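Asker: Mind looking over this structure? Questions follow.
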Amino acid sequence: MSIEVGAKLPGKVSGITNFGAFIDLGEGKTGLVHISEVSNGFVKDIHDVLSVGDEVTVKVTSVGDDGKIGLSIRKAQEQPVEQKREFQRRDNHEYQGNRDRNQRSAPKKQFTRAQPANSKQDFDSLMSSFLKDSDDRLSSLKRNTEGKRGGRGGRRN
Numbered sequence: 001m002s003i004e005v006g007a008k009l010p011g012k013v014s015g016i017t018n019f020g021a022f023i024d025l026g027e028g029k030t031g032l033v034h035i036s037e038v039s040n041g042f043v044k045d046i047h048d049v050l051s052v053g054d055e056v057t058v059k060v061t062s063v064g065d066d067g068k069i070g071l072s073i074r075k076a077q078e079q080p081v082e083q084k085r086e087f088q089r090r091d092n093h094e095y096q097g098n099r100d101r102n103q104r105s106a107p108k109k110q111f112t113r114a115q116p117a118n119s120k121q122d123f124d125s126l127m128s129s130f131l132k133d134s135d136d137r138l139s140s141l142k143r144n145t146e147g148k149r150g151g152r153g154g155r156r157n
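By this note's numbering, the letter at position 60 of the sequence shown is numbered 60, and the numbering carries on one by one without gaps.
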């Protein structure tokens, strides 16, 4: 009997190690089921799930050129069809709330939309207030980081 990848075969547990279980497939063929392929859940100790002599159904996952056979009990079991879950989209302000909670900066200024009639003047005033605010933040940042690890060539004694 030729063992091919994807085939489901009956087998018997012939040995257990800390990393998996050896399965006797008959005709002198033996394959390894890695501990991660034993069941769908987390397996801390393989002895809790399998013992020597257990009859199992395995799926062939790989056949190496050197004769090593990779097996999986988890993939051989019939998987229940999972239903797709519907996820609700969150509004952008919910994400913003989480981001603001993690930052220790000054409260953000809220800019309002400019009226189209005075768009040139409004744009200039918005730009100047933005530049002023940006300079204030930059100087505050430099002041706070100079004392920590030397800053950018700051004070050294």
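Backbone N, C-alpha and C define an ideal beta-carbon position, used for all residues, glycine too.
Note that the coordinates shown come from a computational prediction; the quantities given were computed from them, not determined experimentally.
1. Among all the DSSP beta bridges, which residues are the ones paired with Phe22?
2. Just the Cα atoms here: how many angstroms apart are Thr57 and Lys68?
3. Bridge partners of Ile69, per DSSP?
4. DSSP puts Lys56 in a beta bridge; with which residues?
5. Is the beta carbon of Ala21 closer than 8 Å to that of Leu50?
6. Should the stretch 59-68 be regarded as contacting the stretch 1-15, the criterion being three or more beta carbon pairs within less than 8 Å?
Answerer: Quick look at the numbers:
1. In the sequence shown, counting from the first residue as 1, residue 22 sits at position 22. DSSP, once it has assigned bridges, lists Gly15, Leu32 as partnering Phe22.
2. As a working mapping, residue 57 is identified with position 57 in the sequence shown. As a working mapping, residue 68 is identified with position 68 in the sequence shown. Those two C-alpha atoms are separated by around 18 Å.
3. Counted from its first residue, the sequence shown places residue 69 at position 69. Val63.
4. As a position in the sequence shown, residue 56 is number 56, starting the count at 1. Going by the sequence as given, residue 56 is Val instead of Lys. Per DSSP, Gly11.
5. Residue mapping note: residue 50 aligns to position 50 of the sequence shown, counting from 1. Residue mapping note: residue 21 aligns to position 21 of the sequence shown, counting from 1. Contact check for Leu50 against Ala21 passes: the beta carbons are separated by less than 8 Å.
6. Between the stretch 59-68 and the stretch 1-15, the count of Cβ pairs shorter than 8 Å is three or higher; the stretches touch.
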